[in-house]
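To keep things clear, I will list the structure first and then write my remarks on it.
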Amino acid sequence: MQHPKSLDTLVGLFVVIGIGALFFIGMKVSNLASYSNNDGYTITARFENSGGLKVRSPVSVAGVRIGRITAIDFDNESYESVVQMQIEPQYNTLPDDSSASIFTAGLLGEQYISLQTGASEEYLTHNSEIDITQSAIVLEEIIGQFLFSDNEN
Amino acid sequence: MTYSHLGQNLNMITFLSVIGQSVIANLTKTGRGTLFLKQTLSCTFSVLCHPRLIIKQLFSVGVLTVLIITISGLFVGMVLGLQGYYILSDFGAEETLGVMIAASLVRELGPVVSALLFAGRAGSSLTAEIGLMKATEQLAGMEMMAVDPIQRIICPRFLAGCLSMPLLAAIFSMVGVLGGQLVGVTLLGVDEGAFWSQMQSNIDFYDDILNGVIKSLVFGFVITWISLFEGYDAIPTAEGVSRATTRTVVYSSFAILGMDFILTALMFGDI
């Protein structure tokens, strides 16, 4: 069978563009680029209420993302939410008296954990736990408090 | 009195037999289709050893469809950008435009619209080609020469269709996202950093993109199966081929939309 060279070239171009498009939506559109580093160390924090926090939500210090949440579990004994987060290995000088709070990005944005650094000389290491935590702000609770205090006045 | 009673019975029996005929005809067609698919799949290995056959079909099935896919993707993305911007700006959430465009393209519009276009552009031409080969007795001629038409004609086209569909859907999504960026960022002034970063933090590679690719693989499989079988099973006359071509487009579109609902429910829903 006769095969013109240009046909091969066009088919090759098609396949390359198609795979390139897949690569593009993988790297540029999705979070594949941030998947790559699975190393790093894990720390945990206990919250009274972890609100709308989700697995893979960001963990940030001073507004910079330094890790992601890897698991959210419920503790059967203390009735608390146990949040595990993975911190990237280059951020290994977080003081061990840092505190963790759950904030919301914008009015309707996703919730994330923000770490406030402490003053200790000791650093957080693998499997260490953050003691000082501040729960997520639940809008209904605030409204309830507001109405309650209004009644008292 | 007894006579008219008998006539009613006869009418009833004719009515039942019409239903029965159509059910049996549809069932035999499904059976033929399944056997056809089995025969086609059993040739896969020997065809993979002759990649030249597939390359030639990749050209007519894939490369010639790229243009329509690219242009449609561009316009779908641009329309999504416009409409999304108008709605989201009511809530002051223009920054999430990128997420909206990318999520709807990657999850739904990319696989589905490109599959519908593929069925119209490539599926119908496959049916017409195979149907005409049958009408002009080329398939019978091949069999006379001890060349298996399924292996020589059908299977390469089948593999080419299955291969090119995910690539076309990926091209569609990519061009769509770029078109959305063109309208959203360049024309309407959404912040470029927010557009891309919100997209990246909200679109998951495994949940969204791989599921989209799986969808388009399934669609490619179903479309090429339907169109090849309709051509192979067509009544070998001009009218028969034209009807088969129409059926290809109609059945493929139904199959795409129905399968899309089922796949979406399985992948993203909690059903």
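Going line by line, the protein sequences match chains A and B. Per our numbering, the first sequence starts with residue 559, numbered consecutively. Per our numbering, the second sequence starts with residue 861, numbered consecutively. Heads up, the beta-carbon is just placed ideally off N, CA and C, and yes, glycines get one too. Bear in mind the structure is a predicted one, so any value in this text is a computation, not a measurement.
May I have a chain-ordered list of the beta strand (DSSP E) segments no shorter than 3 residues that lie completely inside the segment 596–649 of chain A?
You should have 599–605, 616–619, 622–632 and 639–645.
So with CB distances below 9 Å, who are the chain B contacts of residue 633(A)?
Contact annotation for residue 633(A) against chain B: no contact, minimum CB-CB distance about 26 Å [criterion: below 9 Å].
How would you list, in chain order, the residues of chain B whose beta-carbon sits under 8 Å from the beta-carbon of residue 661(A)?
Neighbours of residue 661(A) on chain B: none; closest Cβ ~15 Å, over 8 Å.
For a contact meaning CB atoms closer than 7 Å, what does residue 915(B) contact in chain A?
566 and 569
My output table needs one value for residue 982(B): the three-state DSSP class, helix, strand or coil.
Assignment of residue 982(B) by DSSP, reduced to helix, strand and coil, places it in the helix class.
Report the neighbours of residue 584(A) on chain B: residues whose CB is nearer than 7 Å to its CB, in chain order.
1065 and 1069
Look at residue 645(A) and residue 681(A) and say whether their C-beta atoms are less than 8 Å apart.
no
Proximity below 8 Å, CB of residue 1025(B) to CB of residue 1077(B)
Yes.
With H, G and I counted as helix, E and B as strand and the rest as coil, what does DSSP make of residue 673(A)?
Residue 673(A) carries a strand assignment under DSSP once its states are collapsed to helix, strand and coil.
Starting from residue 575(A) and walking both ways along the alpha helix (DSSP H), at which residues does that stretch end?
563–582
Anyone know if the C-beta pair for residue 1109(B) and residue 988(B) falls short of 8 Å?
no
Can you list, in chain order, the residues of its chain with a C-beta nearer than 7 Å to that of residue 559(A)? Leave out the 5 residues immediately preceding and following it.
Only weak support is given to the placement of residue 559(A): the predicted model assigns it a pLDDT of 47, under 50, and the value that follows is read from those uncertain coordinates. Cβ neighbours of residue 559(A) beyond the five flanking positions: none.
Can you give me the Cβ contacts of residue 623(A) inside the same chain, cut-off strictly under 6 Å, excluding the 5 residues immediately before and after it?
616
Is residue 906(B) buried or exposed, if buried means 16 or more other CB atoms sit within 10 Å of its CB?
exposed
Boundaries (first-last residue) of the beta strand (DSSP E) holding residue 690(A):
690–692
Expressed to the nearest angstrom, what Euclidean distance is found between the alpha-carbon atoms of residue 1104(B) and residue 1094(B)?
6 Å
Cβ closer than 9 Å: which chain B residues qualify as neighbours of residue 625(A)?
Under the 9 Å cutoff, chain B gives no residues; its nearest Cβ is about 14 Å from residue 625(A).
Among 948(B), 960(B) and 1039(B), which one has its Cα closest to the Cα of residue 931(B)?
1039(B)
I believe residue 1101(B) touches residue 995(B) by the beta-carbon criterion, under 8 Å. Please report the beta-carbon distance rounded to the nearest angstrom.
6 Å
Partner residues on chain A for residue 966(B), Cβ-Cβ distance less than 7 Å:
583 and 587
Thinking residue 659(A) and residue 674(A) are a contact (beta carbons under 8 Å), I'd like their distance in whole angstroms, please.
Right, the Cβ-Cβ distance comes to about 7 Å (below 8 Å), so this counts as a contact.
Let me see if you follow: with CB-CB separation under 8 Å, is residue 579(A) close to chain B or not?
yes
Go through its chain and collect everything with a Cβ distance to residue 677(A)'s Cβ below 8 Å, but skip five positions before and after it.
653 and 655
On the DSSP bridge list, what partners appear for residue 681(A)?
653(A)
Neighbourhood of residue 1096(B) by C-beta distance below 7 Å, restricted to the same chain and skipping five residues each side
994 and 995
If you measure beta-carbon to beta-carbon, which residues of the segment 914–948 of chain B are closer than 8 Å to chain A?
Within the segment 914–948 of chain B, the qualifying residues are 915, 916, 918, 919, 922, 923 and 926.
For residue 1054(B), list the residues DSSP reports as bridge partners.
Its beta-bridge partners do not exist; DSSP assigns none.
May I ask which residues mark the beginning and end of the alpha helix (DSSP H) holding residue 916(B)?
911–918
Should residue 909(B) be labelled buried (16 or more other beta-carbon atoms within 10 Å of its own) or exposed?
exposed
How long is the line joining the alpha carbons of residue 1067(B) and residue 636(A), rounded to whole angstroms?
If you take the alpha carbons of residue 1067(B) and residue 636(A), they lie about 33 Å apart.
For chain B, is any of its Cβ atoms less than 8 Å away from the one on residue 575(A)?
With 8 Å as the cut-off, residue 575(A) counts as an interface residue toward chain B.
Residue 934(B) versus 890(B), 900(B) and 970(B), residue with shortest Cα-Cα distance:
970(B)
Contact check, residue 643(A) vs residue 628(A) under 8 Å by CB: the rounded distance?
Yes, residue 643(A) and residue 628(A) are in contact; Cβ-Cβ is about 6 Å, under 8 Å.
Rounded straight-line distance, which links the Cα of residue 1106(B) to that of residue 1118(B)
Their backbone Cα atoms lie some 18 Å apart in a straight line.
Have a look at 1034(B), 1021(B) and 1042(B) and flag the residue whose alpha-carbon is nearest the alpha-carbon of residue 587(A).
Taking only the C-alpha atoms, the option nearest residue 587(A) is 1034(B).
Just the C-alpha distance for residue 876(B) and residue 999(B), rounded to the nearest angstrom, thanks.
Answer to the nearest angstrom: the Cα atoms are 37 Å apart.
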